[in-house]
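Let me begin by presenting the structure, written as structure tokens, before commenting on it.
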Amino acid sequence: MNDNQIDWRETVETLLARSKRSFVPIDKSFVQLPRGNEERNSVLARFIRNGDLRGLKAYLLIAASTSSSDENGEWYTTLPLQTWARAFGCFQHAGIDSGKAAATKILSRLQQRKLIKRERSGSGREVKVRLLSQDGSGGPYQRPRQRFLRLSYEFWRTGLDEEISLPALAMLLVVLGEKSYCRLPSERMPEWYGWSADTAERGLHELVERGLVSRISESISTPLSPTGFSKVNTYTVLPPFDRESLNSSRRRRDMTEVKANE
502 MNDNQIDWRE TVETLLARSK RSFVPIDKSF VQLPRGNEER NSVLARFIRN
552 GDLRGLKAYL LIAASTSSSD ENGEWYTTLP LQTWARAFGC FQHAGIDSGK
602 AAATKILSRL QQRKLIKRER SGSGREVKVR LLSQDGSGGP YQRPRQRFLR
652 LSYEFWRTGL DEEISLPALA MLLVVLGEKS YCRLPSERMP EWYGWSADTA
702 ERGLHELVER GLVSRISESI STPLSPTGFS KVNTYTVLPP FDRESLNSSR
752 RRRDMTEVKA NE
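To convert, note that position 4 of the sequence shown is 505 in the numbering used here; the numbers rise steadily by one, no gaps.
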């Protein structure tokens, strides 16, 4: 439903472009807590258990739009509520009031999960959304520097964000945080990430079908199994989400900035 607004994709693209990056860095603690914790599953599992695809996509966009801190070390983006709602796609099938109400609910859920702090700004029409620690602890946000994954802006620019399912998005974040070639035994998903083997398998199947991830099946020796062999799958990310595509995109952006400053 338009209601005399620009297309919501234009708002998304403007947020991405002004960040002057080609990807959003996500700390791996958002997906899985480090070894040594009693439980490895982290805040991402809460999105899965609650079926909150809209909330997860909104959070990723907020993280993408917040690319630098202020003089006090706070990381935030301030926009009118209506603009947040449009960026989240809340007006696609709703009017102004309903869309703004939907955006408010999304932000409330993210705040309940201790990923953001929301507050009114200026005249009260603008909403300041401040990032908190990506492990869901409620601590201050810090730019990821060591254990982090990179989600390419092609996620939005190709329209994948409108098509992908929640299981597939969750498993995309998992694979992005692993080594180039990784084995992800589905029976370990509840222990490692906090969602079911079936959810993981459905997500990985969709990623393979979409050509976003490759899967290589092979047999390995397991002498104590009935046949002495077991089938394992190895996964790797494909363009445009792979490491080389991201590095190439950054080089192109850097060259463009250099030419613009000449």
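Cβ atoms here follow ideal geometry from the backbone N, Cα and C, with glycine treated the same way.
Being a predicted model, the structure only gives us computed values, none of them experimental.
Between the C-alpha atoms of F649 and S530 there is a straight-line separation of about 8 Å. Counting only residues of its own chain and dropping the five nearest sequence neighbours on each side, R610 has a CB closer than 6 Å to the CB of G556. Runs of the beta strand (DSSP E) lying entirely within the stretch 515-597 and spanning at least 3 residues, in chain order: 524-528, 577-581.
Sequence-distant Cβ neighbours of L561 in its own chain, meaning closer than 7 Å and more than five residues away, are V525, L652. DSSP lists no bridge partner for F656. Here the alpha carbons of T728 and C591 stand approximately 53 Å from one another. Scanning K521, T515, V733 for the CA closest to the CA of R753 turns up K521. Burial check for P741: the Cβ neighbour count within 10 Å reaches 16 or more, so the residue is buried. In this structure, the straight-line span from the alpha carbon of R646 to that of L725 is close to 42 Å. Around the beta carbon of A518, fewer than 16 other beta carbons sit within 10 angstroms, so the residue counts as exposed. F730 and V675 have their alpha carbons spaced roughly 27 Å apart. In the DSSP assignment, E620 forms a beta bridge with K629. Residue burial annotation: N573 is exposed, with fewer than 16 other C-beta atoms found within 10 angstroms of its C-beta.
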